[in-house]
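As structure tokens, the structure follows; a few thoughts come after it.
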Amino acid sequence: MLLALTLSCSGPAPEAAKTSAVKAASHEPPKDLSTKFPLAGQVKMQLVPDHLLNRDFMPGGNLADYKTADGAYQMFLVEAPDARAAAFMLLDWKNAVPEAKYLAHMGGYTWTDQGKTIYIFAKGPYLAGIVGLPEEKADAEARRFAARL
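Counting from 16, one number per residue, gives the positions in the sequence shown under this note's numbering.
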């Protein structure tokens, strides 16, 4: 009887607590992570309060515009509460874009949307990506970006 009483008085399950933390964090304004972005070619940096890249499932984050010899493109960065939450955001993208190609070496995905290549990956508590560069150039830029995270 004592065991049943102890179990019934315990707090929420660990999974419920984590889900609540992720939802609560998604309503907070994004952190300024501009120091994590490369400066070369950067022409604009902004904090997007919510729905980064116009996706309902995305929280707010940092979005930088670049113009280099490779062309004009964007880089984005979102800090999740932990690595697991970042991985779930990556899975949200995979569910939203089932035709996305898996990138085993980066643990991310790439696809084309409205004529622009999108390249995303998770590293630790971060979800990062590049929009507008061809896959080969995005891969090289993503590797440099990942080293800064």
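All C-beta atoms, glycine included, are put in the ideal place defined by N, C-alpha and C.
- DSSP, reduced to helix, strand and coil, places Asp47 outside both helices and strands of the structure shown, so it counts as coil.
- Residues Phe136 and Ala137 of the same chain have their beta carbon placed closer than 7 Å to that of Gly122, with the five preceding and five following residues left out of the count.
- Secondary structure of Glu150 (DSSP, three-state): helix.
- Look at the beta carbons and you see the region 73–89 touching the region 43–50: at least three pairs across the two are nearer than 8 Å.
- Collapsing the DSSP output to three states places Met73 in coil.
- Here Phe52 carries a coil assignment [DSSP, helix/strand/coil].
- Close CB contacts of Gln89 within its chain, under the 8 Å cut and outside five residues either way in sequence, are with Leu78, Ala79, Asp80, Tyr81, Ile145, Val146 and Gly147 (chain order).
- Around the beta carbon of Val58, fewer than 16 other beta carbons sit within 10 angstroms, so the residue counts as exposed.
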